[in-house]
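Undergrad:
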Amino acid sequence: MRLRALGVVAAMTIPLLAAGCGGSDDSPSATSPSADKKAGELLIWADDKRAAALKPFADKFGSENGVTVKIQAISKDQQTTFVTASQQGSGPDVMVGAHDWIGNLVQNGAIDPVQLSGEQKSGIAENALKAVTFNGQTYGVPYATENLALIRNTDLAPEAPATIEDLVSTGQKLKTAKKASEILALQVGQTGDAYHLYPLYASAGGYLFGTNASGDYDAKDLGVGKPESVAAFKKIAALGEKGSGALKRSITSDNSISTFTGKKSAFLISGPWAITDVKKAGIKYDITPVPAFAGGKPATPFLGVQTFYVASKGKNKALAQEFVTNYVTTPELAVALYNAEPRPPALTAAFDQVKGSDPDLAKWQDAGKNAIPLPAIPEMAAIWDPFGKAEAAIIGGADPAKTIEAAGKTISSSIK
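Counting from 1 along the sequence shown, just add 199 to a position and that's the residue number in the working numbering.
#1: With a CB to CB cut of under 7 Å and the five nearest residues on each side skipped, what residues in its chain are close to T460?
#2: Are the CB atoms of V489 and I456 within a distance shorter than 9 Å?
#3: Could you give the C-beta distance for I435 and I593, rounded to a whole number, given that I count them as a contact under 8 Å?
#4: Let me know the secondary structure DSSP gives T529 once reduced to three states.
#5: Taking the beta strand (DSSP E) that S469 belongs to, which residues open and close that run?
#6: Does the distance from the C-beta atom of G587 to that of T390 stay below 9 Å?
#7: Alpha helix (DSSP H) containing T458: first to last residue?
#8: By how many angstroms is the C-alpha of G265 removed from the C-alpha of Y394?
#9: Helix, strand or coil for A580, going by three-state DSSP, please let me know.
#10: Would you please state the rounded distance, in angstroms, between the beta carbons of V423 and I582? I believe it to be under 8 Å.
#11: How would you label Q386, buried or exposed, when you count the other beta carbons within 10 angstroms and need 16 or more for buried?
#12: Could you pull the DSSP bridge partners for F522 from this structure?
#13: If you follow the beta strand (DSSP E) that L241 is part of, which residue opens it and which one closes it?
#14: With Y342 as the anchor, note down where its beta strand (DSSP E) starts and where it stops.
#15: Taking only three categories from DSSP, how would you classify S352?
#16: Determine the contact status of F408 and Y416, defining contact as a CB-CB distance below 9 Å.
#17: Do three or more CB pairs link the region 571–579 to the region 490–506 at distances below 8 Å?
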């Protein structure tokens, strides 16, 4: 489909934006070019890697539709920057980001539903499409999925552990033999990490939000602080610093992957983003599902979906809808984005194209077969900080019941 517009040029800009936390020169309104936008211009915001991968497709779209396409790379705080710029009228037409932003973006009136045909929807992985559906409407076009798995050094641990207890046993033997210094590399840090802990929390019987009859998350059914979460954290405490030591606050987002690539641990729980470093380190590895507690529920990871959004306050919403619905849904673009960062494509045609050359894709898919979409409801924002701090405290030796019950009260008061 071609659209009428002015000029025939595509451009790429690379000024980096940050959330406005310093002087006025750092604010979106000071750095965004959108105030100068013309009727035939499309502005796309993405992170650095995706900005570069999008460049040739922006060129092509601009040439075919007679418009100027600009891609602006945002280095950090993408969601905050986007919401702030949207409120100021200085935002983009298209935003690339995670699906769990949706509730907050809809609440702030920052995005519009996308108009996908039935055929287009059928070409997208079902779980990815579900993740971008909010209040019965599709609010983005998915292009990649991600979930956690167990990445294993096969020289140190030839066989995949059947349970988390088996993993701990193997890790302890490797430590005794001085072949490793850590049982497991799973990032915790001083403030916890609900995303990375969730598979173990779920396996131990905990949950964040219940679901309603239609299968959507129900913010009124908060699981944090309930008996199920207390029981779950008692099991997690046994893996902590006063237990087996498999979970430690000294393992952080900064060193979890390097702990594995440095051969300090045979096991890493992480996502597709870790594999580049693992390959660079020359580690022989395998990817399998996160093991569950013996006799427990499956260690269900969250499903994350990388998504293209149409900005509700963009200057060229028709252009944005055209690009997002008819360009993002092509295998060529999805494969280019995969090549920039190898996360499993959400577009089934693209997945089929690359799976033959990347055996890891099927393994990530298998590890995520029971994954549930990371909650995209606005109330999820109230979970991260209290849950994470409770997690870190319990792993450090705090009383599981008192700590997680207090976190539940904090969360509950925030979402009422």
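Even glycine gets a Cβ: it sits at the ideal position worked out from N, Cα and C.
Computed from a predicted structure; not experimentally measured.
TA: If we stick to the structure as given:
#1: D476, V477, A480, I482
#2: no
#3: 6 Å
#4: coil
#5: 466–469
#6: yes
#7: 455–460
#8: 43 Å
#9: helix
#10: 7 Å
#11: buried
#12: Answer is none; F522 lacks a bridge partner.
#13: 240–245
#14: 340–345
#15: Checking the displayed sequence, the identity of residue 352 turns out to be Asn instead of Ser. N352 falls in the strand class under three-state DSSP.
#16: yes
#17: yes
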